[in-house]
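In what follows, a single structure is set out as structure tokens and then discussed.
There are 2 protein chains.
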Amino acid sequence: MIIALDAMGGDNAPQSTVEGAVLAAVNSKHKVILVGPEKLISGELLKYHKKYDVTSLDIEIVNATEVIGMDEHPAKAVRQKKDSSLSVAAKLVAEGKADACVTMGNSGAAMAAALFYLKRIDGVLRPAISTSFPTINGSCIISDMGANVDCRPEHLLQFAVMADVFCKKVLEKENPKIGLVSIGEEPTKGNELTLAAFKLLNNGKLNFIGNVEGRDIPRGKADIVICDGFVGNVILKFGEGIAEMMLKLVKKGFKDHPVSWASLPFLWFALSDLKKKVDYSESGGAPLLGINGVCIIGHGRSHAKAVKNAILAGACAAEHDITHEIRDAIAKYGTINAQTETVN
Amino acid sequence: MIIALDAMGGDNAPQSTVEGAVLAAVNSKHKVILVGPEKLISGELLKYHKKYDVTSLDIEIVNATEVIGMDEHPAKAVRQKKDSSLSVAAKLVAEGKADACVTMGNSGAAMAAALFYLKRIDGVLRPAISTSFPTINGSCIISDMGANVDCRPEHLLQFAVMADVFCKKVLEKENPKIGLVSIGEEPTKGNELTLAAFKLLNNGKLNFIGNVEGRDIPRGKADIVICDGFVGNVILKFGEGIAEMMLKLVKKGFKDHPVSWASLPFLWFALSDLKKKVDYSESGGAPLLGINGVCIIGHGRSHAKAVKNAILAGACAAEHDITHEIRDAIAKYGTINAQTETVN
Chain C
1 MIIALDAMGG
11 DNAPQSTVEG
21 AVLAAVNSKH
31 KVILVGPEKL
41 ISGELLKYHK
51 KYDVTSLDIE
61 IVNATEVIGM
71 DEHPAKAVRQ
81 KKDSSLSVAA
91 KLVAEGKADA
101 CVTMGNSGAA
111 MAAALFYLKR
121 IDGVLRPAIS
131 TSFPTINGSC
141 IISDMGANVD
151 CRPEHLLQFA
161 VMADVFCKKV
171 LEKENPKIGL
181 VSIGEEPTKG
191 NELTLAAFKL
201 LNNGKLNFIG
211 NVEGRDIPRG
221 KADIVICDGF
231 VGNVILKFGE
241 GIAEMMLKLV
251 KKGFKDHPVS
261 WASLPFLWFA
271 LSDLKKKVDY
281 SESGGAPLLG
291 INGVCIIGHG
301 RSHAKAVKNA
311 ILAGACAAEH
321 DITHEIRDAI
331 AKYGTINAQT
341 ETVN
Chain G
1001 MIIALDAMGG
1011 DNAPQSTVEG
1021 AVLAAVNSKH
1031 KVILVGPEKL
1041 ISGELLKYHK
1051 KYDVTSLDIE
1061 IVNATEVIGM
1071 DEHPAKAVRQ
1081 KKDSSLSVAA
1091 KLVAEGKADA
1101 CVTMGNSGAA
1111 MAAALFYLKR
1121 IDGVLRPAIS
1131 TSFPTINGSC
1141 IISDMGANVD
1151 CRPEHLLQFA
1161 VMADVFCKKV
1171 LEKENPKIGL
1181 VSIGEEPTKG
1191 NELTLAAFKL
1201 LNNGKLNFIG
1211 NVEGRDIPRG
1221 KADIVICDGF
1231 VGNVILKFGE
1241 GIAEMMLKLV
1251 KKGFKDHPVS
1261 WASLPFLWFA
1271 LSDLKKKVDY
1281 SESGGAPLLG
1291 INGVCIIGHG
1301 RSHAKAVKNA
1311 ILAGACAAEH
1321 DITHEIRDAI
1331 AKYGTINAQT
1341 ETVN
């Protein structure tokens, strides 16, 4: 597979992106196209020459003169900066020159560029960003995590159908359990949106396990957790904040009670599972589902390892022809019409 | 103050409620009315006779023959069980025989009983449950945490006005900072509800600091965090789930790496701050704001200390005549009409 990487996207670009591309090329059979200012990127790439003989690696640079910043207005930036690293990476996929595009940059702009250059899959009302979240027994996919703030029930149905395909084909989970975020387990609990979405999800085509409450998400009750993008975004950032708070309080505890330092050499072992679990660099980024082409959005703070994993996730999604699979699933049981046909 | 305690509410009732009432009576000047099956409650009370000479304590028992379970349908249970401990406790406040009612039971039923027996304050569209949540530098109030799932912007305005009064009068925080839960700091970020609520909150009468993201809540950016009850309920339970997951992973780490046990004697000191912070028994329960009378809902898993603190919180809210204060504030700047008048 050929992966177009937005080499200027993310807080640590282009260092982390170029290093991530090198790691991906060394550790896989995929080709990486680094998209960004040619001179800057080739200079960065040279740093790894001694260690990896980069000229022998399957890495190409495609020039892009502009950069979209993390705080720029997504749609405006994409419209105006046609030669940005993100736009050019998306165009490479649209033109069939790459099989997937990967960015650690502005996620709103990634969505805008994908919509502008790659368009939605036929029948998809709204593409969704699907993020992996750690659970006690593994991880789950939360969809949508922020692309769509005001949703209708049929949007939530499609988020579930698309995440289901991704989970089965790319994550290779058989029959993933799908839960709907709500405020109680009973089908009668929820707001107008979730009450209506519950009925659509309960269509017999999905492995829908019903409502899941906030606490059920980290408990790993569902493999796929469906919510509107407002709720998804708030809970993901809230989770980040809580983990940060707990860590800070423990650090303060160590500072205030120097006697506790004696625990550190032994404590390390006990914390290794937790550390690995909350390490987003393992997750491989969030796929943008519902787009005509594979697009992966990584964490803005990604370092090389996370970039490498996002590139490999993009290659994996492209290899499994996720776009085609989603198109089929949406047509079969992802629209209200299809639902009505199913019922009749 | 006289506090009516639903002695049968909560997972650990009546043991925890009766012990909590004893602790409150021993440690304060307030009178506690224990509401529940007379024989059962007096038998429970006798257990503390040796230690505290309960006959000298300001505790009374009022008989109530029925109990509302944690999983019963709120409105139906309140309508049918007129002699339940919860209903009788609410009636005592309605009849002026108690200054506040406190329950650790079914929070939906508490809301239903409060609406049925005490009614809403004039001008209040919807009462809200306001819960305390730990932050890195103290705690914040999240309102609403589940009473109202589909909200209009004016409901969110009123949640803010009511929580502001509670924060100033009962928690004695001067000029509390009010944040609106959204998906970005900019006023242009959010869903239809929060975009409209932003404008109402930004009225010059409240110390509104704008949107807060999920991660800003544990960071303590705001003293009062406003959201609809769906979002509030999901994030609170999600937070609970994350803390539980982190704890389980650390426990598993200790189990898998016995060498780490050597850290335990010293680790204890470092964790004391964190332990205290996430101990809900310190919080004193969640006030139901917007009701004609003080009503406090504690955690269903409350033990005696949490019950005691909820009783004291109820007494404190009653002493500060929170009902009267909320009525005034709602009339002055808590309705759309008042807003228009303010602008003119």
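These protein sequence lines map, in sequence, to chains C and G. Last residue of the first sequence: 344 (the working numbering), numbering continuous. Last residue of the second sequence: 1344 (the working numbering), numbering continuous. No residue lacks a Cβ here, since even glycine has one placed at the ideal position from N, Cα and C. For clarity, every value in this text was computed on a predicted model and none was experimentally measured.
- Excluding its 5 nearest sequence neighbours in each direction, Ile1296/G has C-beta neighbours in its own chain below 6 Å: Val1102, Gly1285, Pro1287, Ala1310, Ala1313 and Gly1314, listed in chain order.
- Chain C has a Cβ within less than 8 Å of the Cβ of Val1234/G.
- A direct Cα-to-Cα measurement between Gly1229/G and Val1018/G gives close to 31 Å.
- Between the alpha carbons of Lys1081/G and Gly241/C lies a distance of about 42 Å.
- If the five residues before and after Ala1304/G are omitted, its C-beta is found closer than 7 Å to the C-beta atoms of Ser1016, Glu1019, Gly1020 and Leu1023, all from its own chain and listed in chain order.
- Where Val1032/G is concerned, the enclosing beta strand (DSSP E) starts and stops at Lys1031 to Gly1036.
- Note on geometry: alpha-carbon atoms of Ser1272/G and Tyr48/C lie some 46 Å from one another.
- Along the segment 1238 to 1259 of chain G, going in chain order, the ones with a CB nearer than 8 Å to a CB of chain C are Phe1238, Gly1239, Glu1240, Gly1241, Ile1242, Ala1243, Glu1244, Met1245, Met1246, Lys1248, Leu1249, Val1250, Lys1252, Gly1253, Phe1254, Asp1256, His1257 and Val1259.
- Counting of Cβ neighbours within 10 angstroms places Ile121/C among the buried residues, the total reaching 16 or more.
- For chain C, the residues of the segment 1133 to 1149 of chain G that bring a beta carbon within less than 8 Å of one of its beta carbons are Pro1134, Thr1135, Ile1136, Gly1146 and Val1149, in chain order.
- Runs of the alpha helix (DSSP H) lying entirely within the segment 1256 to 1333 of chain G, each at least 4 residues long, are 1264 to 1277, 1304 to 1319 and 1322 to 1333 in chain order.
- Collapsing the DSSP output to three states places Glu244/C in a helix.
- Assignment of Thr188/C by DSSP, reduced to helix, strand and coil, places it in the coil class.
- Approximately 6 Å separates the beta-carbon atoms of Val259/C and Phe1269/G; this is inside 8 Å, confirming the contact.
- No Cβ-Cβ contact shorter than 8 Å links Gly1179/G with Ala1331/G.
- For Pro218/C, the chain G residues whose C-beta falls within less than 8 Å of its own C-beta are Phe1238, Gly1241, Ile1242, Glu1244 and Met1245, listed in chain order.
- Per DSSP, reduced to three states, the secondary structure at Arg219/C is coil, with no helix or strand assignment.
- According to the DSSP assignment, Thr1103/G belongs to no alpha helix (DSSP H) but to the beta strand (DSSP E) extending over Ala1100 to Thr1103.
- Within the segment 1194 to 1216 of chain G, contact with chain C at the beta-carbon level (separation under 9 Å) is assigned to Thr1194, Glu1213, Gly1214, Arg1215 and Asp1216.
- For Leu1125/G, not one C-beta of chain C is nearer than 8 Å to its own C-beta.
- Between Cys316/C and Val149/C, the C-beta spacing is not below 8 Å.
- In the displayed model, Ala110/C falls within a helix according to three-state DSSP.
- With respect to the 8 Å criterion, Glu213/C and Ile235/C are not classified as neighbours on the basis of their beta carbons.
- Identification of chain C residues near Asn1175/G by a Cβ-Cβ cut-off of 9 Å yields none; the smallest Cβ-Cβ distance measures about 24 Å.
- Taking the beta carbon of Glu1192/G as reference, the chain C residues within 7 Å of it are Asp150, listed in sequence order.
- Using a Cβ-Cβ cut-off of 7 Å, Phe1230/G is close to Ile183 and Asn191 of chain C, given in chain order.
- Listed in chain order, the non-local C-beta contacts of Ala318/C below 7 Å within the same chain comprise Met1, Asp99, Ala100 and Val294, local neighbours out to five positions each way being set aside.
- Cβ-Cβ distances below 7 Å link Asn207/C to Asn175, Pro176, Lys177 and Ile178 in the same chain, with the five nearest sequence neighbours on each side left out; the list follows chain order.
- Interface criterion met: the Cβ of Ala262/C is under 8 Å from a Cβ in chain G.
- Of the residues Ala1196/G, Gly1204/G, Ile1059/G and Ile1068/G, the one whose Cα lies closest to the Cα of Ala1112/G is Ile1068/G.
- Out of Ala222/C, Val32/C and Asp83/C, the CA that lies nearest to the CA of Asp58/C is found in Val32/C.
- Of the residues assessed, Asp223/C falls on the buried side of the cut-off, its CB having 16 or more other CB atoms within 10 angstroms.
- Boundaries of the alpha helix (DSSP H) harbouring Glu1154/G: Pro1153 to Lys1169, taken from the DSSP string.
- Between Gly1290/G and Phe238/C, the beta carbon gap of about 25 Å keeps them out of contact (Cβ cut-off 8 Å).
- Taking 8 Å as the threshold, the shortest C-beta distance from Phe266/C to chain G falls below it.
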